Each structure stands twice: as structure tokens, then as C-alpha cells.
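Asker: Numbering of the sequence shown is given in our numbering, commencing with residue 1477 and proceeding in unit increments.
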Amino acid sequence: ATQFHPEPTAEAFVARMEVYRDAGYFDAEAFDQVSAHVRTASVEQPTLLLRSFAARAVAA
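#1: Is Val1495 helix, strand or coil when you go by DSSP?
#2: Measuring alpha carbon to alpha carbon, tell me which residue in Ala1531, Gln1521 and Ala1536 is nearest Pro1484.
#3: Sorted by chain position, which residues of the same chain lie with C-beta nearer than 6 Å to Ala1499's C-beta, five sequence neighbours on each side aside?
#4: How close, in whole Å, do the beta carbons of Ala1486 and Val1510 come, if the pair is a contact with beta carbons under 8 Å?
#5: I'd like the span of the alpha helix (DSSP H) that includes Ala1531, first residue to last.
What follows is the structure, encoded as C-alpha cells:
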């Protein structure tokens, strides 16, 4: 299954990572390294995609 969440910021992803820190998605000991990497990621594209979808839906 795939989920698309256009609303989170990098900080929201880091907060979610904290919740699942010991769930096996990544090495819990690497949390600081992984979260630092996440904080450098651009998360602007999902918002642009959502805006484009909404504009097309309204225009239809």
C-alpha cells in the first residue's frame, strides 16, 4: 500500500520518526544522523502537486 501525505514539513517527519524510532524502519542508533538528513530535504513538491490537483479539480 502507498500513502501520500502532502502536508508534512521536515520537522513533522522527524517527529513521526521519533514515534517509530524503535519500530525497525531505520537503525534507532542512527536517529540523529537520519533526522539531520531529513531536515535537509525539500518538501515543497508535495504541496505544489496538491495545489495543481486542486486547481484541475476546480477547473473540471
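From the three backbone atoms N, C-alpha and C, an ideal C-beta is built for every residue, glycine too. Please read these numbers as outputs of a predicted model, since none were measured by experiment.
Answerer: According to the structure shown:
#1: helix
#2: Gln1521
#3: The beta carbon of Ala1499 sits closer than 6 Å to no other beta carbon from its chain once the five residues preceding and following it are set aside.
#4: Wrong, their Cβ atoms sit about 12 Å apart, outside the cutoff.
#5: That run of the alpha helix (DSSP H) goes Gln1521 to Ala1535.
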